[in-house]
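Note that the protein sequences, when read in sequence, are chains A and B. Every position in the first sequence, counted from 1, becomes a number in the numbering used here once 574 is added. Every position in the second sequence, counted from 1, becomes a number in the numbering used here once 1470 is added.
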Amino acid sequence: MAIEINGTAAEAAPRPGQCLRTFLREQGNFGVKKGCDGGDCGACTVHVDGKPVHSCIYPAVRAEGHSVTTIEGLSSEGELHSVQEKFLENQGFQCGFCTAGMMMTAATFDEEQKANLPRNLKGNLCRCTGYRSIADAVCGSHAPDGGVARSGAPAGSGAVAKGSGQLGDNVPAPAGHAVVTGTARYTLDIPAEQLPGLLHLKLLRSPHAHARIVSIDTTAALQLPGVVAVFTHEDAPDRLFSTAQHELYTDDPDDTRVLDDVVRFIGQRVAAVVAESVGAAEAGARAIKVEYELLDAVFSPQEALLPGAPAIHGEKDGETARISRPQNNVVAEVHSELGNVEAGFAAADFIHENTYQTQRVQHVAMETHCSIAWVEPSENPGEDRLMVRSSSQVPFLVRRTLARVFDLPEDRIRVVAGRVGGGFGGKQEVLTEDLVAMAALKLRRPVQVEFTRTEQFTATTTRHPFTIKVKAGAARDGHLTAMQVDVVTNTGAYGNHAPGVMFHGCGESLAVYNCDNKKVDAQAVYTNTVPAGAFRGYGLSQMIFAIESAMDELAVGIGMDPLDFRLKNMVRPGDHMLSTHPEPEEDVVYGSYGLDQCVALVRDALERGEKRYRDAGLDNFGPGWVTGVGSALSMIDTVPPRGHFAHTRLTLLPDGTFDAAVGTAEFGNGTTTVHAQLAATALSTTASNVAVRQSDTDLVEHDTGAFGSAGTVVAGQATLLAAQELALRIRAVAAEVAGVPEADCVLEDGAVRCGSRVVPFTEVYDAARQQGVEAAAEGRWGGTPRSVAFNVHGFRVAVNTGTGELRILQSVQAADAGVVVNPRQCRGQVEGGIAQALGVALYEEVRVNDAGKVTTDILRQYHIPSFADVPRSEVYFAKTNDQMGPLGAKSMSESPFNPVAPALANAIRNATGVRFAALPIARDKIYLALKDADASTPTQLTRI
Amino acid sequence: MDMNTIESVVATTDPGQWRDGDAWLAGGTVLFSYGSPVGSEEPLKRLLDLGQAGWPAVTVSDAGIELAATCTIAELYAVPVSDAVAGRNWPGLDLFRPCCDSFVASFKVWNMSTVGGNVCTSLPAGPMISLCAGLDAKATILGRHGSSRTVPVAEFVTGDGKNCLAPGELLRSIHLPASALAGRVAFRRLSLSNLGRSGVLLIGRLDADGGLVLSVTAATKRPGQLRFAAAELPDAERLAAAVGHSIPAELYHDDIHGLPEWRRDMTLRLAEEIRSELLDPVPDGPPTVSGDFWPPHATSPQPSTQPEFSTEQQKEA
């Protein structure tokens, strides 16, 4: 009784304990994705006899004698299923990793099911989009023109715009067809025949929070069938490095080994087993015997700072490892005072003091960390190359780090990223590549590692938890007299991104306000817990939660409208943007300024929203319900500091189209489209004529990577420069062909108009060849000078004081993204940021117990927003034109996340009178805090 | 995910075949969701597959409803609109769908997961436990040596993930008595997120004999039940005292899905709502089902407030 897959009987039979998902992938159906492998996310949805099921929890043996349909079988004879067409039309995806499962589910819906998507899509999680575009795709778009998103206009959704394919157009993602047909190739979607002899690597991880490894006995493991090798600290290079990836590796402390003889958190790598199958590798890991010498552990940064606390990296030299004070567990610190805060507080009429806390959260990119490494042999001895295919935001930096760790020249390593299934900062690290590289170099066979969802939660990285003591003062006339913060960040067992996150967090969050007196004390502290790392917002979201909450309290304290208070104190063009240095950052300028517009857009939208509810008679929620509004603003530098480099090579092809080789990675952020549009604009053609190849270290010289929202403003700038240069070359060639002066030639519609003669690009190509001129150009950009971008978020909420239930009545965000290259995509970035931030604001939390163990290690314990949780937000763009960014564009992928949590806390404060200073603000905590407040001061509760 | 330690799948319904390292395989949705992690101490070796048991999923008689342990959630969801119960005056059927919708798992998972599997997983938020406890269901358990026994489902579950099954014992079926199905019912549920895992789930039932039964699940580590005879129906104060007495503080569950203090206060709140609904004389009508999923929404609970684009707005800005 064979399993029939998409109409063909499978030749293979499943293993006894195999789930249907892995069986289908083994048969080459790579469109079946692993998001959670536990039945929660739906990325693996297939049909069995027409019924949708989660194939990861479907015993494969049960499918024997039944017919299975995967995404590959949804379309017939090359004709897309109507659901696929709609997802393509509405661009109902970003990274695309959840898309096949989403479509396989939606394809089974009748009209009744479509009418209740919160219920019927709750088994399909998407981390990128915020679900709006998915709703439009499943139900059919109701806003046909998505093209309009100019100043103050709502950013539309809707179908593919039939526009110029250049700047300001809703050009669809080039990978769209591959995404909706399940043929887009993510990291591990490599057919077995292309990697003969592929081995699998599994990790034995530490059960102890702090211990020295006394001995590891691998004898029994090595005797198991299928086990090929076991790697321990004895096999690993001595070199210390940081898993964090930056343009300058010196930005992070060297405190990590590939495999260490000291484990510093529960879940740290102890040994790596390489075997012929995942099952054999798991069995090998089970058979390893490890003897540990337990060491004292410390789990909170406050305790880690106490005298006598165990020094987690105490054996390291601070200067060489770039750790501020290893004996005190302090990785990095900053202490600064501008003006005199004491004098500022003396001048204040109202002072707010509170301690704000942000929790550990996980990125939950749908594709878990994974990579494959192999050695490509060369005929010339010593010229073999290490090949790595990884789910990475930073392939060029991965190459650099592997070269450093394994002592190889960079040109002997090639790192490639396929399509990446979401990043959010989590893939700005080397967490898997070093392992497979080590194994492949030793064994000379391809080696693959794929993390489980539980490994993601327990042993990769999280957002840095911050404890932020704020003291801020304001005078009755509304001016801010002093701001003081004392910040302790918890970087976990390793210092990857600890300095950067701490510094960046304390930057724009404070610099956005004019205030003569600012004091900052901040420390990033080691603890024996899962390491923190880069996370969307990079420290800003944590600090902005505290600062924007405090600004709200100051406004309330002096009896001023909170938005008026912000308008009075926020920076305006010409104001110095200051936080921890008396002088502004040299290369940060107001390339454009739209903060004032953003504030106005949000204020107006909130007023309209209130009126809508009132007019519809929906503003009375009944007994026990209170309502309120709140908002928050945020600023972000458009490029990370200290250099962010990009290189593009653009080539005219014989058929008159272009090839763009760029370094930056695509993980749903949409930069591929942006690059094509920027190049098309400069070359007077359409985006569909520019094919972008990317994220391969062999393609271009260097690219710092897709982080710090640099995909558009840095890599895009390099592409634009290359395109502009190529346009000039094309014009010169065409001028010669036509025999007219260059000044009389102009590029238009895929050709050059030279006086009365039109020279098509195809002819330009031929002429260039004959002239011996290469019709190609390069562009480079170093990421400086930088500009600033802004986001303002507003909420109207209703809170049930009897249960703690929170309802979001209205969600509005205004973004200052400069000239918006692709409005639909940019709107998607904003919506996705809002959704992710709502999860963080309302319930997401990686919990660590008293023994240092992560207890929320599956998606059923770590709820990320589902369709039912996310309101449709109104998104507006300010009308600005940036002098620094490519064609006036600014960055817009991290920043929409940043103002959401404080805006929500401020709205809840406005509704209930209670300040929530710790995230997440879950319903149980809302209820209990209101109960406490009611008990202590029954009249304090402001009921609107 | 793959259960790589499984060496064989054996089709059987005979508990006599069970040995150490075995697990009963019903829908598989829980077993396969955990796989065989490297850290697990005694990994499973065999799955005893109930997939070919052929037990009728739902059997309706005057005595009530018999659910096979292998009855899928999808099959259960279909019961209230099935011919088998047509004409039966069983208000208790109104609990079936809200309980199914209390699963955090999607309707897709319902095609595989089973009533018995949910009861045997024995999590505080197991909605089949809520349903069965609320309707005084009894579980029939087959022993390894040909014996069988019955246990009220409310007592079957003994703690968070714990139950009264001895190794190898098999949950065969669950009987929902007609007397309970004939009672008037009320359903209340709260979760920390929309359509999320239940943090508190209460079911009330007023029987023909005038007695009131209140079943508390999700809020507590195991089901809690309060029974009041017709002659001793409580007022608000006595109900609150009874809840406090029957459910000690330590029985409230503490995990990411709700703080115990919140669960306790919500239990008191929902208990009083149910008491008032069932005991205060109201005209006959459908029971009140609370929960953010019920009644089914015609649209998203938070529909778009985005105004349609107009040139006027563009000018304004």
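We put the CB at the ideal spot given by N, CA and C, even for glycine.
Asked                                                                                                                                             : Found
Contacts of residue 694 of chain A in chain B (Cβ-Cβ under 7 Å)                                                                                   : 1577
Min CB distance residue 1565 of chain B to chain A below 8 Å                                                                                      : no
Contacts around residue 758 of chain A, its chain only, beta-carbon distance under 7 Å, and the 5 residues preceding and following it disregarded : 670, 749, 752, 993
Residues of its chain near residue 910 of chain A, where Cβ-Cβ distance is below 6 Å and the 5 sequence neighbours each way are ignored           : 1094, 1154
Any C-beta of chain B under 8 Å from that of residue 852 of chain A                                                                               : yes
Helix, strand or coil at residue 1602 of chain B [DSSP, three-state]                                                                              : helix
For residue 595 of chain A, the nearest candidate out of A:581, A:617, A:575 (CA to CA)                                                           : A:617
Residue 1221 of chain A beta carbon near the ligand ADP (any heavy atom closer than 7 Å)                                                          : This structure simply doesn't include the ligand ADP, nor any ligand for that matter.
Pairwise C-alpha distance: residue 741 of chain A and residue 1255 of chain A                                                                     : 6 Å
Beta carbon proximity, residue 1589 of chain B to chain A, threshold 8 Å                                                                          : no
Residue 1586 of chain B, enclosing alpha helix (DSSP H) - first and last residue                                                                  : 1585-1591
Inter-stretch contact at 8 Å, needing at least 3 Cβ pairs: the stretch 1346-1354 of chain A / the stretch 1196-1214 of chain A                    : no
Reduced DSSP category for residue 1609 of chain B - H, G, I as helix; E, B as strand; rest coil                                                   : strand
Residue-chain proximity (residue 627 of chain A, chain B), Cβ-Cβ < 8 Å                                                                            : yes
Close beta carbons around residue 1445 of chain A, own chain, < 7 Å, minus the five adjacent residues each side                                   : 1382, 1385
Separation of residue 1271 of chain A from residue 1060 of chain A, as counted between CA atoms                                                   : 42 Å
Unbroken alpha helix (DSSP H) run spanning residue 1182 of chain A, endpoints                                                                     : 1169-1189
Which of helix, strand or coil DSSP assigns to residue 1363 of chain A                                                                            : strand
Per-residue DSSP class, three states only, for residue 1211 of chain A                                                                            : strand
Rounded separation between residue 1052 of chain A and residue 996 of chain A - CA only                                                           : 43 Å
Residues bridged to residue 1097 of chain A [DSSP beta-bridge criterion]                                                                          : A:907, A:1062
Option nearest residue 1484 of chain B by Cα separation, candidates B:1718, B:1640, B:1679                                                        : B:1640
Spatial distance of residue 1181 of chain A from residue 1122 of chain A (CA atoms)                                                               : 21 Å
Helix, strand or coil at residue 721 of chain A [DSSP, three-state]                                                                               : Bear in mind that the predicted position of residue 721 of chain A carries a pLDDT of just 33, short of 50, making it unreliable; the figure below should be weighed with that in mind. Three-state DSSP puts residue 721 of chain A in coil, outside helix and strand.
The stretch 621-630 of chain A in contact with the stretch 650-657 of chain A per 3-pair CB rule at 8 Å                                           : no
For residue 689 of chain A, the nearest candidate out of A:710, A:926, A:897, A:678 (CA to CA)                                                    : A:710
Of the listed residues A:894, A:1099, A:793, nearest to residue 874 of chain A (C-alpha basis)                                                    : A:1099
Contacts that residue 1495 of chain B makes with chain A (C-beta to C-beta distance below 7 Å)                                                    : 633
Inter-residue CB distance, residue 1038 of chain A and residue 1070 of chain A (contact presumed, cutoff 8 Å)                                     : With 8 Å as the limit, residue 1038 of chain A and residue 1070 of chain A do not qualify as a contact, their Cβ atoms being about 10 Å apart.
Cutoff 6 Å; reference residue 1764 of chain B; Cβ partners in own chain excluding five residues on either side                                    : Model confidence at residue 1764 of chain B stands at a pLDDT of 49, short of 50, so the residue's coordinates are unreliable; what they give is reported in the following sentence. So the qualifying residues of the chain are 1568.
Where residue 1570 of chain B falls: helix, strand or coil (DSSP)                                                                                 : helix
CB contact check: residue 1483 of chain B to chain A, cutoff 8 Å                                                                                  : no
Sequence-distant residues of the same chain with beta carbon closer than 6 Å to residue 1250 of chain A, five excluded per side                   : 1261, 1264, 1266
Top-ranked residue by Cα proximity to residue 1582 of chain B, from B:1744, B:1546, B:1560                                                        : B:1546
Pair within 8 Å by beta-carbon distance, residue 1274 of chain A and residue 1223 of chain A                                                      : yes
Short Cβ contact (8 Å threshold) for residue 849 of chain A with residue 800 of chain A                                                           : yes
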